[in-house]
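A.B. asks: As given, the protein sequences belong to chains A and B, one line each in that order. According to the UniProt record's numbering, the stretch in the first sequence is residues 1 to 833, in order. According to the UniProt record's numbering, the stretch in the second sequence is residues 1 to 100, in order.
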Amino acid sequence: MAFFGLDQPQRGARGMFEQPDAFAGLGSNNQEGDQEAIDFDETYAGYGQNLAETGDDFNDDTFGGPSDVPATRESVGRDFDFAGETARVRGTLLEEQTLHHARMPMQQAAQQARPAAKTGYEAYKQPGYVGRLEADASIWGKPMGKKIPAVEQQQQQQQEAGPTGGMGGGRKMMSLEEVEAMMRAQTQSKPTPPAVSETERQSQGLRDMLGVGSAGPMLPQQQEPSKPMQILQRPQQEAQMQQPTSEYQQPTPDFGLRAPQILQRQHSPQPPPSSQGFPQRPPPGQMKFQQPPQMPMGGAPAVQPPHARMPAAGHARGPSYNGPPITQVQQMMQMAPEAREAYLAEEAKRAKRNHKIHVLSKNNGLMTPQDKNFITRIQLQQLLTATGGVDNELGSEQQLAEDFYYQVYAQIRGGPPRSGPGQPLSSFAQTYLFQMGSRYGYGRSRHHPRGGDNHVQRMEQQVARAVEAAKARPKNRHLVVEGSLGKIAFSTSKTPRPLLNLKRAPDSQQQVLQRSAKAAAFDRKRALRDIEVVYAVLMKVEDHERKLPPPPNEESAPEVIEGHMRWRVEMQRLNQELWEGLKVLEPVEPNPTTPHPFIQILSHSKGKKAIPRVFRHLDDQQRLTMLTLIAIHLDQLDVIRNAYPSPDNTTPLPQAVKDSTNLWIMAVEQPLFSYVNDAPFPIILGLLGLVLDRTHVQSNIRTKAGVSFLTMLLSRAELLKQNLPAPQTSQDLPHFNALYARLFDTLEPVLPYIFPASTAVAAADDVHIWAFLATVGVGASPDQQQRLVVGVKDRVMETVAVSRTLPEEMGERMRGEVNLFLKGIGLDVELLG
Amino acid sequence: MLFFSFFKTLVNHQVTIELKNDISIRGTLKSVDQYLNIKLDDITVVEEMKYPHLSSVKNVFIRGSVVRYVHLPAAAVDTPLLEDATRREAAQTGAKAKQG
């Protein structure tokens, strides 16, 4: 007994054996015959003495030698670890089970050859029933197998080709027959319930095995008590104490009430309670671990052939797995060697696959169908939410609006969106459900070939129903309880419960008046509101642009052409709306108290940011109008007004102004520049004229934005002038020359001041000025060039001198910038050296 | 839905979540749902010395309601687009409010 109980205190996780002490419980029926046997010594004395000496042959194997080393867990080995053994061969067991299905006809024949083929509850009365017991007994694994007589050796060797531990069926068969005969004599008179008979059978088998198997392990301990076996000793003693105890206790009726307690406390010795009662009735708790062997028996009708029960047996964990291997061995014996080899190879493959399947299906059956439905509902809910909800048409404007950022971001960044904006929910859901369905189907198909498909169908129907239900849900999100004064608002994640439910009164005339009066007072707010209007329209335009139908051709159907026409009309309308939103066409007042609305829009950074996006959607005329408006109001722009240097020209500009200037150059001037680069000469001249006429050039020129604006116009004008097709006949050239002269005259007095104050530090930021001077220099007459050089000579010399003191790289860069200008007037920085 | 939409784009980016109980957790955002519940992977607690019991935790599920701040990776945020998305959301809400 100690042999079997040994591992119990050491093992926390019991693997698939829910009841590690199952053997003890079965063994308890040893006492059925003689109910008075209580004492441990009495129980075992007889067995120990009756043992044949050969029974010790394998003790050394089992316990790692009699004297060489103190027994440790390693040296003892794990032969007794039945759960572990079984778990290791589990793959094979599973594979055998599968094989069993494949070879059903053969097995049937084999089974019919044996008298044990008869099953049902009556079977236990027949000696031939041993077949069942073999299966159960196989859990004893190697220790038993080692004791099988030589007659059985051949069988075992064959069996050991598979990892299954060998076991001697014949030996047990013999003893079992004897015992069964005895038992039958005892129990003939009373009608035995199936459960009881099952217990009995097991107990008989066990008694046989325990009687032989346990004596071996016990011997070393008893005969050599002085041996240093500390590690082993205590568990063994405990087991010895405990095993007879529990054996004894479990069959007692009053113990039946305390069955749970026993199961919990099997490892601790308990004082034996009184031994009266019906020993053959197992306590309810004990039934639990008897279930695996019972299942095939009780579950099947009496006349059903054994192979029909096998799938059920395959499901039960634990000892009942062992049915197929036995029959397998007999089968294999009948096979030819070649066939056996081929079979084994195939078997190995199957084992692998079945093991995988088993690992995957380890948690099968944990959830009830209700649980699954519940989870499915939650998942569907998430699914509908994740894809924008059922209220909206998929891929529609609304849906895009719900998830705008994600959808567009995914498009822009090219990330893999879980569901693209165009992908309809249904297909997404179907993909999702198909995966789930197949998984369910896989698990089920082993038993119900059609179960999987059925399930997928059910799921699909469920999806359809869920979507329908969600659509049918009343849109009204308020519940008005009859007779009550208020209404209850429901909240969803998309429409949170409104805390205030105010009806907005339609805009009355009075409100409009009030608002406009206030708006005059709050220019800033009005500008911000204007910007938001621009953005709102802009987004509409961009959305509409996204919906551009494919361009029609001659063969297109009329509807397509019509659709395209409608799209263009709509685009036209939106464009007009956008143009009005920009307020470029607001009348320009001669002496305005407040800046022009468009200029105000431009004075906010988000207004500036809107320009490049807006510019794309404007036509040429609109662009020109906008450019003109900017040219007229150049000195009113915040980037020029605020960036005017302080009188002493020493304090650097605030960071905010620098930022907004940079933003201006990036956001506004870029599109303007692209337009100017395509503009014809007259337009450039006109713009230059406007700038000279309407703005304060001397202040423009002292700011970065103003300088770059003028550079933009001038450089384009120079280019056009040089490439003029007919310079002599053109009216534009004298016009330009006049304009240039005016500009130069205006410019000349401020030339020394256009640079930032400090040479050294701020010098890094004057490349735009050199560029401007170069542009001016290119178009200048020799006289003008002379004046230009005089104006900036000091600065040039200073910069070159400074650049020589600087590190090579920086100095090079500074000289390059100066050279930009010097080359414009036909000089070079090297000449200055 | 704006925030949900926004956080979805941050999946697989490093974020730092500051909870209402002052614990800051940095980790890879694995998923987010409509309640802004958050799943983080490979987490580290910013003040590890202060919360040693979290040092062996590798991934967490954070209920959305206990989040105070989410520190975003700036590179992964498209600010103009986010501005636009905000405008849309506002326009939508405005339209709904007008409907009453």
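We put the beta carbon where it would ideally sit given N, CA and C, even for glycine.
1) Taking 8 Å as the cut-off, does the segment 653-670 of chain A touch the segment 591-600 of chain A (at least 3 CB pairs, one atom from each stretch)?
2) Within the same chain, show all residues whose beta-carbon is closer than 7 Å to that of E89 of chain B, passing over the 5 residues directly before and after it, in chain order.
3) Cβ of G791 of chain A within 8 Å of Cβ of L751 of chain A?
4) Does any C-beta atom of chain A lie closer than 8 Å to the C-beta of D84 of chain B?
5) In three-state DSSP terms, what is K793 of chain A?
6) In whole angstroms, what is the alpha-carbon distance linking K349 of chain A and S361 of chain A?
7) Indicate whether the contact test is met: 3 or more Cβ pairs, each with one atom in the segment 80-97 of chain B and one in the segment 57-69 of chain B, closer than 8 Å.
8) Between the alpha carbons of N635 of chain A and A679 of chain A, how many angstroms are there, rounded?
9) Alpha carbon to alpha carbon, how far is E542 of chain A from V697 of chain A? Give it in angstroms, no decimals.
10) Which first and last residues belong to the alpha helix (DSSP H) in which L820 of chain A is found?
11) Report the neighbours of M666 of chain A on chain B: residues whose CB is nearer than 8 Å to its CB, in chain order.
12) Taking the alpha-carbon of D620 of chain A as reference, which of A:P587, A:N662 and A:P671 has the nearest alpha-carbon?
13) Could you list which residues in chain C have their beta carbon closer than 8 Å to that of K609 of chain A, in chain order?
14) Quick one: Cα of K547 of chain A to Cα of L637 of chain A, how far?
15) What residue range does the beta strand (DSSP E) around T16 of chain B cover?
16) Which whole-angstrom value is the C-beta distance of L713 of chain A and L687 of chain A, which I expect to be below 8 Å?
17) In angstroms, rounded to a whole number, what distance separates the CA positions of R694 of chain A and D78 of chain B?
18) Please report how far the alpha carbon of G25 of chain A lies from the alpha carbon of T44 of chain B, in whole angstroms.
19) Counting only beta-carbon atoms, is E402 of chain A nearer than 8 Å to chain B?
20) Classify H596 of chain A as helix, strand or coil using the three-state DSSP reduction.
21) Could you name the residues of the segment 86-97 of chain B whose beta carbon sits closer than 8 Å to any beta carbon of chain A, in the order they occur along the chain?
22) Short check: CB of F772 of chain A to CB of T711 of chain A, under 8 Å?
23) Any contact of the segment 815-823 of chain A with the segment 767-781 of chain A, i.e. 3+ C-beta pairs under 8 Å?
24) When the Cα of E346 of chain A is compared with those of A:T92, A:A87, A:L578 and A:Q786, which residue comes out closest?
25) With 8 Å as the threshold, decide whether the Cβ of T9 of chain B is near any Cβ in chain A.
26) Nearest to G94 of chain B by CA position, among A:Q186, A:H358 and A:A536, is which residue?
27) Flag D41 of chain B as yes if its beta-carbon sits less than 8 Å from any beta-carbon of chain A, otherwise no.
28) Run the CB neighbour count on residue 835 of chain A, radius 10 Å, all protein chains shown included, and call it buried at 16 or more, exposed below.
29) What residue from B:I62, B:A97 and B:N21 has the CA that sits closest to G27 of chain B's CA?
30) Roughly how many angstroms lie between the CA atoms of F372 of chain A and H544 of chain A, to the nearest whole one?
31) Helix or strand or just coil, what does DSSP make of T44 of chain B?
32) Just the C-alpha distance for A410 of chain A and P550 of chain A, rounded to the nearest angstrom, thanks.
33) Span of the beta strand (DSSP E) holding K30 of chain B?
34) Under 6 Å Cβ to Cβ from residue 856 of chain A, same chain only, skipping five residues before and after it: list those, please.
35) Give, in chain order, every residue of the segment 526-553 of chain A whose Cβ lies closer than 8 Å to some Cβ of chain B.
36) Which residue from B:V32, B:D42, B:T16 and B:L40 puts its Cα closest to that of Y406 of chain A?
C.D. replies: Well, looking at it:
1) Not touching, per the Cβ criterion.
2) Sequence index remark: in the second sequence, residue 89 of chain B carries index 89 (1-based). Within its own chain, the residues whose Cβ lies closer than 7 Å to the Cβ of E89 of chain B, once the five positions on either side in sequence are excluded, are L2, listed in chain order.
3) Working through the first sequence from its first residue, we reach residue 791 of chain A at position 791. Working through the first sequence from its first residue, we reach residue 751 of chain A at position 751. Contact: yes.
4) Reading the second sequence from its first residue, position 84 is the one you call residue 84 of chain B. With 8 Å as the cut-off, D84 of chain B counts as an interface residue toward chain A.
5) Position 793 of the first sequence, counted from the start, is the residue given in the question as residue 793 of chain A. Assignment of K793 of chain A by DSSP, reduced to helix, strand and coil, places it in the helix class.
6) Indexing the first sequence from 1 puts residue 349 of chain A at position 349. Indexing the first sequence from 1 puts residue 361 of chain A at position 361. In this model, K349 of chain A and S361 of chain A are separated by some 18 Å (Cα to Cα).
7) Touching, no.
8) In the first sequence, the residue the question calls residue 635 of chain A occupies position 635. In the first sequence, the residue the question calls residue 679 of chain A occupies position 679. Note that residue 635 of chain A is Asp in the sequence shown here, rather than Asn. Their backbone Cα atoms lie some 23 Å apart in a straight line.
9) Counting from 1 along the first sequence, the entry for residue 697 of chain A is found at position 697. Counting from 1 along the first sequence, the entry for residue 542 of chain A is found at position 542. Whole-angstrom Cα-Cα distance: 38 Å.
10) The residue given as residue 820 of chain A occupies position 820 in the first sequence. Annotation for L820 of chain A: the continuous alpha helix (DSSP H) segment containing it runs E808 to G824.
11) Looking up residue 666 of chain A in the first sequence gives position 666. Within chain B, no residue has its beta carbon less than 8 Å from that of M666 of chain A; the closest one is some 13 Å off.
12) As a first step, residue 620 of chain A must be located in the first sequence, where it is residue number 620. The shortest C-alpha separation from D620 of chain A is found at A:P671.
13) The structure shown has no chain C; the protein chains it does contain are A and B.
14) Translated into positions along the first sequence, residue 547 of chain A becomes position 547. Translated into positions along the first sequence, residue 637 of chain A becomes position 637. For K547 of chain A and L637 of chain A, the distance between alpha carbons rounds to 36 Å.
15) Along the second sequence, one-based indexing puts residue 16 of chain B at 16. Per DSSP, the continuous beta strand (DSSP E) segment holding T16 of chain B begins and ends at Q14 to L19.
16) In the first sequence, counting from the first residue as 1, residue 713 of chain A sits at position 713. In the first sequence, counting from the first residue as 1, residue 687 of chain A sits at position 687. Going by Cβ atoms, the distance from L713 of chain A to L687 of chain A rounds to 6 Å, so yes, they are a contact pair.
17) To locate residue 694 of chain A, count along the first sequence from 1; it is residue 694. To locate residue 78 of chain B, count along the second sequence from 1; it is residue 78. Rounded to whole angstroms, R694 of chain A to D78 of chain B spans 40 Å at the Cα level.
18) Position 25 of the first sequence, counted from the start, is the residue given in the question as residue 25 of chain A. Position 44 of the second sequence, counted from the start, is the residue given in the question as residue 44 of chain B. Its pLDDT being 49, under 50, G25 of chain A is placed unreliably by the model, and nothing is read from it.
19) Position 402 of the first sequence, counting from 1, holds the residue named residue 402 of chain A. Interface residue, yes.
20) For this step, residue 596 of chain A is matched to residue 596 along the first sequence. Residue state, collapsed to three classes: coil.
21) Flagged, chain order: R87, R88, E89, A91, Q92, K96 and A97.
22) Translated into positions along the first sequence, residue 772 of chain A becomes position 772. Translated into positions along the first sequence, residue 711 of chain A becomes position 711. A contact, by the Cβ cut-off of 8 Å.
23) Contact holds: three or more Cβ-Cβ distances are below 8 Å.
24) Counted from its first residue, the first sequence places residue 346 of chain A at position 346. Among A:T92, A:A87, A:L578 and A:Q786, the Cα nearest to that of E346 of chain A is on A:T92.
25) As a working note, residue 9 of chain B is residue 9 in the second sequence. True, the Cβ-Cβ gap to chain A drops below 8 Å.
26) Mapped onto the second sequence, residue 94 of chain B falls at position 94. Of the listed residues, the one whose Cα sits closest to G94 of chain B is A:A536.
27) As a working note, residue 41 of chain B is residue 41 in the second sequence. Taking 8 Å as the CB threshold, D41 of chain B stays off the interface with chain A.
28) Residue 835 of chain A lies beyond the stretch modelled for chain A, which goes from 1 to 833, so this question has no answer here.
29) Locating residue 27 of chain B in the second sequence gives position 27, where the first residue counts as 1. Per the Cα distances, B:I62.
30) Within the first sequence, the letter at position 372 stands for residue 372 of chain A. Within the first sequence, the letter at position 544 stands for residue 544 of chain A. The sequence given here places Lys at residue 372 of chain A; Phe does not occur at that position. K372 of chain A and H544 of chain A: Cα-Cα distance of roughly 44 Å.
31) Here residue 44 of chain B refers to the residue found at position 44 of the second sequence. In this structure, DSSP gives T44 of chain B an extended state, which the three-state scheme calls strand.
32) Translated into the one-based positions of the first sequence, residue 410 of chain A becomes position 410. Translated into the one-based positions of the first sequence, residue 550 of chain A becomes position 550. Going by the C-alpha atoms only, they are around 23 Å apart.
33) Sequence index remark: in the second sequence, residue 30 of chain B carries index 30 (1-based). Following the DSSP letters along the chain, one finds K30 of chain B inside the beta strand (DSSP E) bounded by residues S24 to V32.
34) It is not possible to answer for residue 856 of chain A, since the shown part of chain A is limited to 1 through 833.
35) Here the close residues are E532, Y535, A536 and M539.
36) Residue mapping note: residue 406 of chain A aligns to position 406 of the first sequence, counting from 1. Distances from the CA of Y406 of chain A to each of B:V32, B:D42, B:T16 and B:L40 were compared; the closest alpha carbon is that of B:V32.
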